[in-house]
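Below is one structure, written out as structure tokens; the observations come after it.
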Amino acid sequence: MSTERENALAALRELTVPGRRADLVAAAWKAGASVVAIAEAARAKSRQTIYDDLKSRGVVIDPRNRPKERNMPAPITVEGLNGITDLEDNDGPVARAILRARDDLASPGLNAEARRLMALSMAVAQYNELRARLAEEEDARAERDRIRHLVDIRWEALADPNSKGSWLHGHQAYVRAVDDAHRAIDTWKTTAETLMNLASFRRGEDADRLVDAYEQHILTAGHPPVVKPHIDVETEAAQLHEELDAEHTRRSALAAQTLHHAPQETLR
């Protein structure tokens with residue numbers, strides 16, 4: 014995340030003056046933060062609050078032209094270990110020490126430094142994997158919500174008297190947006206399931222050595238902590254699909270009334 018965007022979000026979290034919120038929301042948006050991130054930072058009850066604040070400051074959101082945020086962090090290395098190629102150079106002293114410890118980390122006969130290096134290599138690998146999947150879930154969630162908002166934009170456009178396109182073409186764009194939203198939910202679901210299937214840094218028998226390496230060497234090296242959130246992926250995805258279907262059913266009934274009463278030539 015860019016420094017400018019992070020500073021804007023930090024200011025928003027510290028918001029104390031009611032009249033300042035819309036200004037800070039607009040600043041965060043212009044700095045590249047997503048509506049989801051802004052809503053979370055501002056503790057807004059809904060994304061609509063953020064949309065209203067942006068509109069009051071003359072910010073017109075067009076999801077079609079909004080660049081996708083990419084938040085993929087670079088893999089870290091600690092003490093020269095990256096968790097990927099540490100065992101490839103068998104002639105290196107670090108690799109030799111790791112190879113000696115590879116089969117049995119708990120063996121008292123093994124060199125303590127070798128066991129520490131092996132645990133650190135495994136912890137770095139787990140850290141990089143977890144951090145990357147966290148970023149992917151965040152991006153997929155932001156894209157999911159962006160496309161869901163686009164459904165509303167397409168629907169509202171049907172009632173715009175200044176629209177230059179035909180009502181039928183506009184309605185087709187709306188229907189396609191609904192389909193895109195369903196697919197975006199499924200894409201997020203797959204990404205979130207991958208994240209939730211990963212191990213996290215939690216103590217318990219075999220994981221203690223990795224947690225020690227994580228706390229004593231990765232965090233102390235200045236790398237940010239990685240915490241896997243609790244996400245009920247199946248429930249959240251099902252709820253989003255249901256809400257989208259219910260709203261589409263209601264809107265379809267309204268559209269049917271328009272088709273029933275409108276002269277055919279006005280729909281072309």
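Residue numbers (this note's numbering): 14 to 281. Backbone N, C-alpha and C define an ideal beta-carbon position, used for all residues, glycine too.
Item to check | Cross-strand partners of residue 94 (DSSP beta bridge) | outcome: 91
Checklist entry - Rounded to a whole number of angstroms, what is the C-alpha to C-alpha distance between residue 48 and residue 160? => result 12 Å
Checklist entry - Measuring CB to CB, does residue 191 end up less than 8 Å from residue 261? => result The beta carbons of residue 191 and residue 261 sit closer together than 8 Å.
Checklist entry - Of all the options 188, 90, 246 and 222, which has the alpha carbon lying nearest to the alpha carbon of residue 264? => result 188
Checklist entry - How big is the Cα-Cα spacing for residue 98 and residue 204? => result Answer to the nearest angstrom: the Cα atoms are 26 Å apart.
Item to check | Other residues of its chain near residue 271: CB distance less than 7 Å, five sequence neighbours each side excluded | outcome: There are no such residues.
Next on the checklist: Between the alpha carbons of residue 256 and residue 181, how many angstroms are there, rounded?
Outcome noted: So the alpha carbons of these two residues sit roughly 24 Å apart.
Checklist entry - Between the C-alpha atoms of residue 217 and residue 170, what's the straight-line distance to the nearest angstrom? => result 55 Å
Checklist entry - Are the beta-carbon atoms of residue 94 and residue 133 separated by less than 8 Å? => result yes
Checklist entry - For residue 202, is the classification buried or exposed, using 16 other Cβ atoms within 10 angstroms of its Cβ as the cut-off for buried? => result buried
Checklist entry - With DSSP run on the structure shown, which of helix, strand or coil describes residue 192? => result helix
Item to check | Option in 72, 145, 236 and 211 with minimal Cα separation from residue 90 | outcome: Minimum Cα distance to residue 90 is reached at 236.
Next on the checklist: Please report the straight-line C-alpha distance between residue 149 and residue 85, rounded to a whole angstrom.
Outcome noted: 7 Å
Checklist entry - Residues in its own chain within less than 7 Å of residue 46 by CB, not counting five upstream and five downstream? => result 18, 21 and 22
Checklist entry - Which residues in the same chain as residue 80 place their Cβ atom closer than 7 Å to its Cβ, once the five residues preceding and following it in sequence are excluded? => result Because residue 80 carries a pLDDT of 49, less than 50, the predicted location of this residue cannot be relied on, and the following value inherits that uncertainty. Excluding positions up to five away in sequence, the list is empty.
Item to check | Closest by C-alpha distance to residue 136, when choosing among 239, 73 and 54 | outcome: 239
Item to check | Expected contact under 8 Å - CB spacing of residue 234 and residue 139 to nearest Å | outcome: Incorrect: roughly 15 Å between the Cβ atoms, too far for contact.
Next on the checklist: For residue 151 and residue 259, what's the separation of their Cα atoms in angstroms?
Outcome noted: If you draw a straight line from the Cα of residue 151 to the Cα of residue 259, it comes to about 26 Å.
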